[in-house]
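Enquirer: Following this message is one structure expressed as structure tokens.
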DNA sequence: ATCCCGAGGG
DNA sequence: CCCTCTGGAT
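Residue numbers (the working numbering): -2 to 215.
In structure tokens, the structure reads:
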């Protein structure tokens, strides 16, 4: 594909948005949660871990520590044991405890609804903050995780590796109201089709808009 | 740049 | 065995 002009790329991005909507009309957050606090905890646990695995451990976690107040007083060893299958369990337990203590101490026991406040919590970066904003508060947010990074790079909607730079590129290309649902659809697409190891370009709904198959002979 | 860390697939 | 899975802190 010859070098693409900015306006051509913008038009292509909009076609991709439409194709994704048709291919994944029901895409949604795959984590199981009730309310902002549970979503925050589930999203911290989802780092480098499948959502499926997270959903297996969270019912017991939420049953045992249902509120920020309860979680803030949790025994670290018990929490570590409950979340152990998700990996990185010491850091994650520490993050969940510390973040919960901050919710109680600095945010009146509830999850704040702004990016600036959320990222001050231990274990919460832009990606996690945007998941909470988009799904618990209805504030548009692009959640640049491993799937968003891989798929958008293959689509040549960004050249960057740094998640924050990718987020800025996508903010220019994807209509603001679509940010949250676009993230869900790209993540689903990354799981079922645009696989990390071997993308299934033959059956990809975005094939006509993607330079990857031509460049990699499939 | 490196570390955390378990589990599943090829 | 190596890579990947809804990252973040040091």
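Glycine included, C-beta positions come from ideal geometry on N, C-alpha and C.
Given this structure, state the Cα-to-Cα distance separating residue 40 from residue 58, to the nearest angstrom.
Expert: So the two alpha carbons sit approximately 13 Å from each other.
Enquirer: Taking 8 Å as the threshold (C-beta atoms), are residue 42 and residue 186 in contact?
Expert: No, these two residues do not count as a Cβ contact at 8 Å.
Enquirer: Quick check: what's the CA-CA separation for residue 171 versus residue 67?
Expert: Their backbone Cα atoms lie some 39 Å apart in a straight line.
Enquirer: Nearest-angstrom Cα distance between residue 77 and residue 84?
Expert: Near 10 Å, if we compare the C-alpha coordinates of residue 84 and residue 77.
Enquirer: Which class does residue 139 belong to by DSSP, given the choice of helix, strand or coil?
Expert: In the structure shown, residue 139 sits in coil (DSSP, three-state: anything other than H, G, I, E or B).
Enquirer: Going by C-alpha distance, which of 200, 34, 153 and 188 is nearest residue 9?
Expert: Checking every option, the nearest Cα to that of residue 9 belongs to 153.
Enquirer: Let me know the secondary structure DSSP gives residue 180 once reduced to three states.
Expert: Looking at residue 180 - three-state DSSP - the assignment turns out to be helix.
Enquirer: Taking only the alpha-carbon atoms, compute the straight-line gap between residue 166 and residue 94 and give it to the nearest angstrom.
Expert: Distance between the alpha carbons of residue 166 and residue 94 is about 34 Å.
Enquirer: Tell me the rounded alpha-carbon separation between residue 204 and residue 86.
Expert: Each residue's alpha carbon lies about 39 Å from the other.
Enquirer: Is the beta carbon of residue 146 less than 8 Å from the beta carbon of residue 160?
Expert: For residue 146 and residue 160, yes; Cβs fall inside 8 Å.
Enquirer: Residues in its own chain within less than 6 Å of residue 62 by CB, not counting five upstream and five downstream?
Expert: 68 and 71.
Enquirer: Note down the Cα distance separating residue 201 from residue 5, rounded to an integer number of angstroms.
Expert: Going from the Cα of residue 201 to the Cα of residue 5 covers about 21 Å.
Enquirer: What whole-angstrom Cβ distance do residue 129 and residue 115 have, given they're in contact under 8 Å?
Expert: Sure, about 6 Å apart at Cβ, within 8 Å.
Enquirer: Considering residue 117, what are the terminal residues of the alpha helix (DSSP H) in which it resides?
Expert: No alpha helix (DSSP H) holds residue 117; DSSP gives it neither H nor E.
Enquirer: In terms of alpha-carbon separation, which member of 88, 169, 144 and 20 lies closest to residue 48?
Expert: Here the closest residue by C-alpha is 144.
Enquirer: Buried or exposed, going by whether 16 or more other CB atoms sit within 10 Å of the CB of residue 82?
Expert: Exposed, since its Cβ has fewer than 16 Cβ neighbours within 10 Å.
Enquirer: From the DSSP output, in three-state form, read off residue 198 for me.
Expert: Helix, per DSSP.
Enquirer: Does the ligand ZN have a heavy atom nearer than 7 Å to the CB of residue 114?
Expert: The model on display carries no ligand, and the ligand ZN is accordingly not part of it.
Enquirer: Hey, could you find the ends of the alpha helix (DSSP H) residue 88 is sitting in?
Expert: Here the alpha helix (DSSP H) through residue 88 covers 86 to 103.
Enquirer: Report the CB separation of residue 24 from residue 182 in whole angstroms; it is logged as a contact under 8 Å.
Expert: Yes, they are in contact, since the Cβ atoms of residue 24 and residue 182 sit about 4 Å apart, within 8 Å.
Enquirer: Here's a check: name, in chain order, each residue in its chain whose Cβ is nearer than 6 Å to the Cβ of residue 20, leaving out the five neighbours to either side.
Expert: The answer, listed in chain order, is 202.
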